[in-house]
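Student: Here you go, one structure.
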Amino acid sequence: MNPDVKQEAKLRETIRQLISQMTNEEKAALCSGSDFWHTQPVERLGIPASMVSDGPHGLRKQPDEGNGDHLGLNEAIEAVCFPAACATACSFDRDLMFDMGQTLGKECRAENVSVLLGPAVNIKRSPLCGRNFEYLSEDPYEAGELSAAYINGVQSQNVGTSIKHFAANNQETARMSASSNADERTLREIYLPAFETAVKKSQPWTVMCSYNKVNGEYASQNHWLLTKVLRDEWGFEGYVMSDWGAVRDRVKGIAAGLDLEMPGSGGINDQAILNALEDGTLDQSTLDTAVERILNIVFRYEKGRNEGGQEKFDRAADHKKAAEIAKQCIVLLKNEGVLPLAKEEKTAFIGGFADAPRYQGGGSSHINAHHVTSALSLAPEYGTVKYAQGFSAEADKTDEALSAEAVKTAADADKIVVFAGLPDAFESEGYDRTHMRLPDCQNALIERLLELGKPVIVVLHNGSPVEMPWAGRVQGIVEAYLCGEAVGEAEMDILYGRANPSGKLAETFPKRLEDNPSYLNFAGKAKEVNYAEGVFVGYRYYDTKNMDVLFPFGHGLSYTTFSYSNLRVEKKSESGRDGMTVRVDVTNTGNMDGKEIVQLYVAGRTDSVMRPAQELKGFSAVYLSAGETKTVAMELDERAFSWYDEALHDWYAPDGVYKIRIGKSSRQIELTCDVELKGKMPKKPYIDADVMIGDLLDYPDTKQYVDDTLIPFLSIFTGGKSLDECDEMEKSMLYYMPLSSLRSFAQMTNEKIAEIVEELKERVK
Ligand code: BGC
Numbered sequence: 001m002n003p004d005v006k007q008e009a010k011l012r013e014t015i016r017q018l019i020s021q022m023t024n025e026e027k028a029a030l031c032s033g034s035d036f037w038h039t040q041p042v043e044r045l046g047i048p049a050s051m052v053s054d055g056p057h058g059l060r061k062q063p064d065e066g067n068g069d070h071l072g073l074n075e076a077i078e079a080v081c082f083p084a085a086c087a088t089a090c091s092f093d094r095d096l097m098f099d100m101g102q103t104l105g106k107e108c109r110a111e112n113v114s115v116l117l118g119p120a121v122n123i124k125r126s127p128l129c130g131r132n133f134e135y136l137s138e139d140p141y142e143a144g145e146l147s148a149a150y151i152n153g154v155q156s157q158n159v160g161t162s163i164k165h166f167a168a169n170n171q172e173t174a175r176m177s178a179s180s181n182a183d184e185r186t187l188r189e190i191y192l193p194a195f196e197t198a199v200k201k202s203q204p205w206t207v208m209c210s211y212n213k214v215n216g217e218y219a220s221q222n223h224w225l226l227t228k229v230l231r232d233e234w235g236f237e238g239y240v241m242s243d244w245g246a247v248r249d250r251v252k253g254i255a256a257g258l259d260l261e262m263p264g265s266g267g268i269n270d271q272a273i274l275n276a277l278e279d280g281t282l283d284q285s286t287l288d289t290a291v292e293r294i295l296n297i298v299f300r301y302e303k304g305r306n307e308g309g310q311e312k313f314d315r316a317a318d319h320k321k322a323a324e325i326a327k328q329c330i331v332l333l334k335n336e337g338v339l340p341l342a343k344e345e346k347t348a349f350i351g352g353f354a355d356a357p358r359y360q361g362g363g364s365s366h367i368n369a370h371h372v373t374s375a376l377s378l379a380p381e382y383g384t385v386k387y388a389q390g391f392s393a394e395a396d397k398t399d400e401a402l403s404a405e406a407v408k409t410a411a412d413a414d415k416i417v418v419f420a421g422l423p424d425a426f427e428s429e430g431y432d433r434t435h436m437r438l439p440d441c442q443n444a445l446i447e448r449l450l451e452l453g454k455p456v457i458v459v460l461h462n463g464s465p466v467e468m469p470w471a472g473r474v475q476g477i478v479e480a481y482l483c484g485e486a487v488g489e490a491e492m493d494i495l496y497g498r499a500n501p502s503g504k505l506a507e508t509f510p511k512r513l514e515d516n517p518s519y520l521n522f523a524g525k526a527k528e529v530n531y532a533e534g535v536f537v538g539y540r541y542y543d544t545k546n547m548d549v550l551f552p553f554g555h556g557l558s559y560t561t562f563s564y565s566n567l568r569v570e571k572k573s574e575s576g577r578d579g580m581t582v583r584v585d586v587t588n589t590g591n592m593d594g595k596e597i598v599q600l601y602v603a604g605r606t607d608s609v610m611r612p613a614q615e616l617k618g619f620s621a622v623y624l625s626a627g628e629t630k631t632v633a634m635e636l637d638e639r640a641f642s643w644y645d646e647a648l649h650d651w652y653a654p655d656g657v658y659k660i661r662i663g664k665s666s667r668q669i670e671l672t673c674d675v676e677l678k679g680k681m682p683k684k685p686y687i688d689a690d691v692m693i694g695d696l697l698d699y700p701d702t703k704q705y706v707d708d709t710l711i712p713f714l715s716i717f718t719g720g721k722s723l724d725e726c727d728e729m730e731k732s733m734l735y736y737m738p739l740s741s742l743r744s745f746a747q748m749t750n751e752k753i754a755e756i757v758e759e760l761k762e763r764v765k
């Protein structure tokens with residue numbers, strides 16, 4: 001046995017010994033927090049309390065025990081605020097996510113925090129969700145890959161993570177009681193895979209269940225979710241904690257797989273657990289298992305802490321890291337030759353966000369930021385800038401004097417940069433937006449500035465897409481999202497070309513809210529939220545409908561240019577089902593070094609089911625000096641071609657030809673090629689009296705039966721011809737004909753039909 005495995009086994013044995021010495025009162029108490037942020041200690045047995053803290057893009061450690069809150073209200077220690085997930089997702093860069101996670105893990109160690117509450121990976125179903133800023137993407141593959149990298153980074157420091165909010169928590173309206181109603185295919189293909197990938201690739205120490213119900217049952221007591229899918233299917237090994245206050249029926253919850261209740265219930269639920277043990281509604285082994293899972297993590301952290309030594313929280317160094325990360329997240333949405341700015345150009349900075357940038361969102365992730373920089377404060381180091389506030393960054397209030405001053409300042413400049421965005425009150429944890437517009441005062445001022453006839457560049461600070469009525473008339477748009485406390489350095493480096501933009505949108509910007517596929521069902525009525533758009537979320541919908549959007553998923557410009565060539569696919573086996581490597585050469589054809597995000601979409605539309613026109617199944621961030629070429633390799637497995645078949649309760653990729661599409665965005669596909677999957681038996685049809693003749697023709701053994709036995713009865717449709725000789729109409733009539741209709745069309749008795757059903761069942765056994 002290798003020494004690590006041996007040590008791990010020894011630790012597990014010690015934990016079992018401890019459990020055997022614990023009273024049921026102590027066990028029940030351990031299954032909920034001792035206060036807002038700590039697990040329960042058992043001093044007589046040497047079981048320490050363990051601290052957890054938000055997360056995800058910085059450390060929100062509240063040192064004062066009596067003063068904890070989950071809304072970001074009370075004071076936390078000063079910490080470094082990294083870009084929020086809406087921004088980091090635009091990096092499409094696994095290494096960057098790992099690096100940020102690693103830094104956060106070190107900070108946690110320095111502050112003795114055992115679990116960082118993040119990442120938050122819920123899918124951006126609607127641009128209106130108030131918490132989109134904290135979530136990664138509208139695409140589950142991207143969210144899964146990036147969160148796995150982040151988790152591996154944090155956990156490399158022997159600090160745990162809590163991937164959240166499991167699951168289908170895609171709105172803030174009635175978030176503590178609404179039911180997210182989605183069919184299984186939609187859950188499996190869209191709302192669960194980010195969690196699945198993270199569990200399989202990074203084993204987060206903990207998972208946080210969400211507040212909402214999933215198909216009528218609270219996530220906190222949903223056995224299907226917390227045990228069947230999470231543990232039995234995916235192999236999750238850590239413990240599940242509740243979101244803060246998400247527990248409804250504690251006993252049902254623990255039996256469903258919810259190990260730790262946070263923050264605790266003042267002892268009420270401890271008693272409920274004890275009562276349930278007594279009256280037999282809860283097994284002793286279920287309680288012991290929950291305790292064991294919690295202690296495994298508590299002691300894993302303690303062991304690492306004892307061995308790892310003390311870490312120092314170096315805020316200045318981490319601020320620099322936050323700046324480096326932010327630069328790689330900003331997305332250049334539009335550039336008609338106006339960026340980068342030149343030092344000697346007379347530039348007007350307009351808008352309150354230049355001086356007071358919005359760099360993070362409100363709620364539980366709110367960091368007490370160490371050192372916030374603004375573009376304006378750094379301007380003297382970069383260029384020739386004059387500033388006018390124009391509008392406040394805090395409210396939608398037109399101030400005629402401020403507007404007039406802004407127009408006057410701008411009139412004197414060569415270029416106008418408007419620092420716009422959503423004020424804090426427009427989007428936050430706790431509520432959803434009601435529209436997708438910027439404050440009217442900002443749109444109005446942009447219109448006035450456009451009248452000056454000078455180049456206008458808009459820099460946006462927002463956690464989720466906004467409508468841009470002026471998008472076609474401004475010359476430049478920079479999406480800075482909420483890019484953390486080093487927002488100033490990041491924006492100035494991008495604007496003045498000291499850094500080359502490489503961010504790509506992790507979500508579609510629709511032209512208008514009404515275009516969004518969830519529009520008719522967001523945020524639900526009477527607490528029932530029907531995910532009626534199914535798997536057609538984000539670009540899966542817009543691309544399938546070939547609908548015009550403002551900016552597509554994956555879009556982002558650079559100051560250099562890249563060309564793609566030589567796409568090739570190497571299958572690991574003839575069938576293609578054992579994986580394949582897709583390679584493409586990427587050349588930096590411009591004059592500036594830069595990073596490109598190569599995206600791989602699979603188009604796999606089968607006749608038997610509606611599928612999105614294409615789905616992201618690979619991406620790679622590649623840094624290239626000017627003139628340099630590199631080969632990018634991306635791996636695809638069978639899952640990349642599959643859809644989730646509810647009848648099979650499994651993933652399914654039928655034989656056939658699929659398209660590999662390599663692009664710079666979902667709408668800018670540069671190279672394509674075909675790849676064939678083989679070797680899968682077609683699906684067996686489900687046999688009863690209503691099975692259609694067409695379904696029988698899809699499967700070899702039942703097709704044989706149709707050819708040999710049924711065709712003679714079907715001459716009313718075939719006119720005695722063979723199937724191949726039939727015309728389209730005859731074929732369709734036949735294909736859609738249920739077996740039971742032979743009663744009317746072939747005067748077949750019920751007994752005969754039943755006999756045929758039995759024979760067919762034999763064939764598909
Ligand atoms: C949020 C979680 C957060 C927790 C603790 C909840 O309201 O939904 O994301 O981790 O509070 O602050």
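Numbered by our numbering, the letters in the sequence shown go through residues 1 to 765 in order. By construction, the Cβ of each residue, glycine as well, lies at the ideal position given by its N, Cα and C atoms.
#1: Threshold first: 3 residues or longer. Then list the beta strand (DSSP E) segments lying entirely within the region 372-423, N to C.
#2: Determine, using beta-carbon pairs with one atom in the region 560-574 and one in the region 514-526, whether at least three such pairs fall under 8 angstroms.
#3: Using 8 angstroms as the cut-off, can you tell me whether the region 553-563 makes contact with the region 52-65, which would need three or more C-beta pairs spanning the two stretches below that distance?
#4: Under DSSP, the beta strand (DSSP E) around Gln599 begins and ends at which residues?
#5: Helix, strand or coil for His38, going by three-state DSSP, please let me know.
#6: For the ligand BGC, list every residue whose C-beta falls under 5 angstroms from any of its heavy atoms, going in chain order.
#7: Return the CA-CA distance between Lys678 and Gly656, expressed in angstroms with no decimal places.
#8: Taking Leu636 as the reference, which of Arg248, Tyr141, Asp355, Ala49 has the closest Cα?
#9: Report back the beta-carbon spacing between Ser464 and Pro127 to the nearest angstrom; my notes put them in contact at under 8 angstroms.
#10: Our contact map puts His477 next to Leu341 with C-beta atoms below 8 angstroms; I'd like the distance itself, whole angstroms only.
#11: Of all the options Asp99, Ile15, Lys321, which has the alpha carbon lying nearest to the alpha carbon of Ile297?
#12: Which of the three DSSP states, helix, strand or coil, is assigned to Leu45?
#13: Would you kindly work out how many angstroms separate the C-alpha atoms of Ile268 and Arg175, rounded to a whole number?
#14: Do the CB positions of Asp698 and Pro682 come within less than 8 angstroms of each other?
#15: Taking the alpha helix (DSSP H) that Ala272 belongs to, which residues open and close that run?
#16: With C-beta atoms as the reference, is Ser114 less than 8 angstroms away from Gly160?
#17: So, using beta-carbon positions, are Val598 and Val622 closer together than 8 angstroms?
#18: Answer with buried or exposed for Asn222, where buried requires no fewer than 16 other C-beta atoms within 10 angstroms of its C-beta.
#19: Could you tell me whether the Cβ atoms of Gly497 and Thr373 are closer together than 8 angstroms?
#20: Could you give the residue range of the beta strand (DSSP E) that holds His461?
#21: Residues in its own chain within less than 8 angstroms of Thr173 by CB, not counting five upstream and five downstream?
#22: Let's see if you can read the secondary structure: which residues bound the alpha helix (DSSP H) around Arg568?
#23: Could you tell me the distance, in whole angstroms, from the CA atom of Gln360 to the CA atom of Gly351?
#24: Nearest to His319 by CA position, among Asn112, His370, Val214, is which residue?
#25: Within the chosen definition, does the region 185-194 reach the region 638-652 through at least 3 CB pairs nearer than 8 angstroms?
#26: Can you give me the C-alpha to C-alpha distance between Gly309 and Phe299, rounded to a whole angstrom?
#27: I believe Ser285 touches Ala246 by the beta-carbon criterion, under 8 angstroms. Please report the beta-carbon distance rounded to the nearest angstrom.
#28: On a Cα-Cα basis, can you pick out the residue from Ala84, Glu26, Glu8 that is closest to Ala486?
#29: Is DSSP giving Phe195 helix, strand or coil here?
#30: Given this structure, state the Cα-to-Cα distance separating Ala626 from Asn591, to the nearest angstrom.
#31: Can you say whether Gly216 is buried or exposed, counting buried as having 16 or more other CB atoms within 10 angstroms of its CB?
#32: What is the DSSP secondary structure of Glu479, reduced to helix, strand or coil?
#33: Report all residues from its chain with a CB closer than 6 angstroms to the CB of Val474; omit the five preceding and five following residues, and keep chain order.
#34: Please confirm whether Ala219 and Val251 have their CB atoms less than 8 angstroms apart.
#35: Measure the CB-CB distance between Met97 and Phe166 and report whether it falls below 8 angstroms.
#36: So, helix, strand or coil for Phe313, using DSSP?
Tutor: Let me lay it out:
#1: 384-388, 415-421
#2: no
#3: no
#4: 594-603
#5: strand
#6: Asp54, His70, Leu117, Asp243, Trp244, Ser364
#7: 7 angstroms
#8: Tyr141
#9: 5 angstroms
#10: The question names His, yet the displayed sequence has Ile at residue 477. So it is not a contact: roughly 14 angstroms between Cβ atoms.
#11: Ile15
#12: helix
#13: 24 angstroms
#14: yes
#15: 268-278
#16: yes
#17: yes
#18: buried
#19: no
#20: 456-461
#21: Tyr431, Asp432, Ala523, Gly524
#22: Counting along the chain, Arg568 falls outside any alpha helix (DSSP H), though it belongs to the beta strand (DSSP E) covering 562-571.
#23: 18 angstroms
#24: His370
#25: yes
#26: 16 angstroms
#27: With a Cβ gap of about 24 angstroms, Ser285 and Ala246 do not count as contacting.
#28: Ala84
#29: helix
#30: 5 angstroms
#31: exposed
#32: strand
#33: Val456, Val458
#34: no
#35: no
#36: coil
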